[in-house]
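Following: one structure in structure tokens, then a few remarks.
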Amino acid sequence: GDDVDTESEASDLGNDDFGGVLVRLPTADQDQEARKTAKTMSVTAWSLPEENFFYLLVIFNATIAVARSSSLPMEGFWYLIVVGHVMLYFCLTQQPDWRSILTHVRGVPYLLDDTNDKAKTDAPTGSVKSLAKSAHGARRATFKPEAGMSTVLLSNPTDAPVNEKNEVFVGWMCPPGSGSRVRSHGYLTTKEKTPSPGELYEVVQCDIVEAPVRYESMTTRVKLPKVQFENDNGPKTWRAPDIFVVTIALPTEPPKIGRSANEGGGYTITMYCRMKDETREILRRVTADDYDPSKEEHVSDVQKNKVNAVRLLEEWVRRAPMDQKWFSRFKCIPFIHNWKEVGIPGWIAKYNGKPFLIKRPGVTGFINQHPELSAFEFTVSFYPFPYLARQAICFLKEHFFQKIVASCCFVIEGRSDDELPECVIGVLQLCYPDPAHAIQASDFFAGSSPRSF
Numbered sequence: 002g003d004d005v006d007t008e009s010e011a012s013d014l015g016n017d018d019f020g021g022v023l024v025r026l027p028t029a030d031q032d033q034e035a036r037k038t039a040k041t042m043s044v045t046a047w048s049l050p051e052e053n054f055f056y057l058l059v060i061f062n063a064t065i066a067v068a069r070s071s072s073l074p075m076e077g078f079w080y081l082i083v084v085g086h087v088m089l090y091f092c093l094t095q096q097p098d099w100r101s102i103l104t105h106v107r108g109v110p111y112l113l114d115d116t117n118d119k120a121k122t123d124a125p126t127g128s129v130k131s132l133a134k135s136a137h138g139a140r141r142a143t144f145k146p147e148a149g150m151s152t153v154l155l156s157n158p159t160d161a162p163v164n165e166k167n168e169v170f171v172g173w174m175c176p177p178g179s180g181s182r183v184r185s186h187g188y189l190t191t192k193e194k195t196p197s198p199g200e201l202y203e204v205v206q207c208d209i210v211e212a213p214v215r216y217e218s219m220t221t222r223v224k225l226p227k228v229q230f231e232n233d234n235g236p237k238t239w240r241a242p243d244i245f246v247v248t249i250a251l252p253t254e255p256p257k258i259g260r261s262a263n264e265g266g267g268y269t270i271t272m273y274c275r276m277k278d279e280t281r282e283i284l285r286r287v288t289a290d291d292y293d294p295s296k297e298e299h300v301s302d303v304q305k306n307k308v309n310a311v312r313l314l315e316e317w318v319r320r321a322p323m324d325q326k327w328f329s330r331f332k333c334i335p336f337i338h339n340w341k342e343v344g345i346p347g348w349i350a351k352y353n354g355k356p357f358l359i360k361r362p363g364v365t366g367f368i369n370q371h372p373e374l375s376a377f378e379f380t381v382s383f384y385p386f387p388y389l390a391r392q393a394i395c396f397l398k399e400h401f402f403q404k405i406v407a408s409c410c411f412v413i414e415g416r417s418d419d420e421l422p423e424c425v426i427g428v429l430q431l432c433y434p435d436p437a438h439a440i441q442a443s444d445f446f447a448g449s450s451p452r453s454f
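According to the working numbering, the sequence shown is numbered sequentially starting from 2.
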């Protein structure tokens with residue numbers, strides 16, 4: 002299955018989210034400086050001051066009354082329209098666009114200055130006070146939550162997802178990859194699928210947050226899990242990352258006419274995957290200068306051999322960021338385990354377990370590389386997916402999320418025998434995820450949400 006054409010990418014900044022900036026109200030001089038900065042950097046916005054609204058209302062109604070006059074010639078009608086627009090222009094004023102300044106500039110000194118106490122009491126009214134109200138309780142821009150603080154790792158699906166304070170979260174597990182069926186060696190001939198020979202990475206943390214908009218690049222928003230490897234000697238000769246991050250942007254509001262497909266609230270589900278030692282050893286072997294495939298140790302069951310899948314992963318990491326054909330090999334396989342027991346409708350159940358490819362970079366899929374962190378993030382956005390798919394997600398949230406056990410695994414699609422059998426990158430299983438217990442993104446990134454550890 003393929004995804005469909007979509008509209009442009011949405012902003013990743015919510016109405017009340019200023020990225021954890023500690024906002025100080027400006028003095029009058031600082032406000033004037035901000036206005037100059039805003040004009041220089043083209044981050045101004047047109048607005049209608051309250052004191053001008055009355056005059057505009059009078060002009061608007063007078064224009065309508067005169068235009069309705071039967072004795073008014075066509076030339077006079079258009080003359081009034083022009084006059085009305087000119088008066089509207091003079092009623093408008095240009096103000097700094099505080100949202101753009103915070104999002105893109107972050108350079109207006111008083112916005113990040115927590116040493117100017119006078120700014121707290123010498124603040125002008127208007128848009129700055131509105132900004133301060135929106136940013137109330139926000140922490141410093143340097144604050145980063147630890148990955149995994151918004152969920153609880155469970156040993157069994159029925160365990161209570163609570164922390165030491167008995168606060169309830171969304172619970173998750175990391176099941177074995179063998180529970181997922183993938184393309185077998187010889188698939189092009191037999192069309193048979195087989196259990197995955199394991200997984201290339203293991204999910205070590207997971208975050209699930211709810212927000213009014215879609216978030217991107219979770220790798221830079223959190224403190225990544227620390228990873229260590231056994232027998233990690235010698236130089237690194239491969240590109241595959243130590244930490245593979247997969248983020249799912251899941252819309253939970255139905256699409257609306259006149260609104261971009263990328264807009265609306267939803268969940269950001271992020272899995273942080275650590276490379277397995279076995280994968281690392283294979284990479285060290287297959288990327289060596291003197292590597293000879295014919296000397297690979299023979300495996301009695303070819304369907305349990307991971308070497309081809311590891312080589313495919315390495316090639317994909319190298320080529321996917323620049324080559325759309327390779328990018329489009331990233332495959333998702335969602336599966337609801339207890340769909341029969343909870344009564345999932347047939348029009349949704351027929352897609353259960355059906356793989357689909359993410360084919361369009363910058364639309365349904367996004368790559369963010371962080372070589373300094375040895376991290377690689379792939380984001381899957383369901384926002385631009387077809388109307389029926391979004392309706393199905395919204396329906397499941399309202400009626401079934403808290404009742405289901407659902408898994409999702411990710412695979413690089415193999416298309417020849419030297420790339421098969423496939424092996425899943427990692428598997429995430431959500432256990433009865435109740436929407437009522439989802440952490441709000443604004444609280445999570447500000448450090449004011451409950452913590453699972």
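For every residue, glycine included, the Cβ atom is placed at its ideal position computed from N, Cα and C.
Everything numeric in this text was worked out from a predicted model, so none of it was measured.
Environment of residue i [buried if 16+ CB atoms lie within 10 Å]
i    : result
G265 : buried
W348 : exposed
E315 : buried
N263 : buried
G366 : buried
A442 : buried
S295 : exposed
I249 : buried
S156 : exposed
S449 : exposed
N234 : exposed
S456 : Look at the range of the chain in this structure, 2 to 454, and you will see that residue 456 is not part of it.
W79  : exposed
M323 : exposed
G363 : exposed
R107 : Low confidence applies to R107: its pLDDT is 36, below 50, so where it sits in the model is not reliable, and the reading given next is rough at best. Exposed: under 16 other Cβ atoms inside 10 Å.
T191 : exposed
D115 : Low confidence applies here, because D115 scores a pLDDT of 39, under 50, leaving its location unreliable; read the following figure in that light. Classification for D115: exposed.
S350 : With the sequence shown as reference, residue 350 is identified as Ala, and Ser is not the correct amino acid for it. By the neighbour-count rule (16 or more Cβ atoms within 10 Å), A350 is not buried but exposed.
P74  : exposed
Option nearest residue i by Cα separation, candidates the options
i    : options                : result
Y216 : I258, Y80, S450, P252  : P252
W340 : H371, R391, S408, C274 : S408
K224 : S151, I249, Y292       : S151
F357 : V412, Q403, T380       : V412
I244 : C424, C274, N234, K404 : C274
K237 : V210, S197, R281, P226 : R281
D160 : D444, F445, Y433, I440 : Y433
L397 : K360, S375, N353, F379 : N353
G180 : R330, M174, P196       : P196
I368 : A393, T220, L189, F445 : T220
L440 : K194, C207, L201       : Position check: residue 440 holds Ile in this sequence, whereas Leu was assumed. Of K194, C207, L201, the residue nearest in Cα terms is C207.
L81  : I426, I65, T191        : I65
Y56  : V67, E76, F91          : F91
Q325 : R361, D293, D290       : R361
F61  : P158, R286, V300, V84  : V84
Sub-7 Å separation of residue i and residue j beta-carbons
i    : j    : result
F170 : P176 : no
V318 : A437 : no
E399 : K277 : no
N167 : S453 : no
I337 : V308 : no
P256 : R391 : yes
V247 : M272 : yes
I334 : I270 : no
Q403 : D435 : yes
R330 : E414 : yes
Y268 : E231 : no
K305 : P198 : yes
Nearest-angstrom Cβ-Cβ length linking residue i and residue j, presumed shorter than 8 Å
i    : j    : result
C424 : V214 : Rounded, the Cβ-Cβ distance is 34 Å, inconsistent with contact.
L421 : S185 : 7 Å
T288 : W327 : Actually they are not in contact, since the Cβ atoms of T288 and W327 sit about 18 Å apart, beyond 8 Å.
F401 : I359 : Not really, about 24 Å apart at Cβ, beyond 8 Å.
G178 : V406 : So it is not a contact: roughly 17 Å between Cβ atoms.
E378 : S218 : 7 Å
E200 : I426 : 7 Å
L154 : W173 : 6 Å
F383 : R222 : Their Cβ separation, rounded to whole angstroms, is 20 Å, which puts F383 and R222 out of contact at 8 Å.
Residues bridged to residue i (per DSSP)
i    : result
D418 : D418 pairs with nothing; no bridge assigned.
F208 : One detail in the question is off: residue 208 reads as Asp in this sequence, not Phe. Answer by DSSP bridge pairing, in chain order: T271.
I334 : C410
I244 : R275, A376
N339 : N339 pairs with nothing; no bridge assigned.
H371 : A376
Q392 : Q392 is not bridged to any residue.
K194 : R184
Y202 : M276
Residue i CB to nearest heavy atom of the ligand SAM below 6 Å
i    : result
H338 : Here there are no bound small molecules, and the ligand SAM is not part of this structure.
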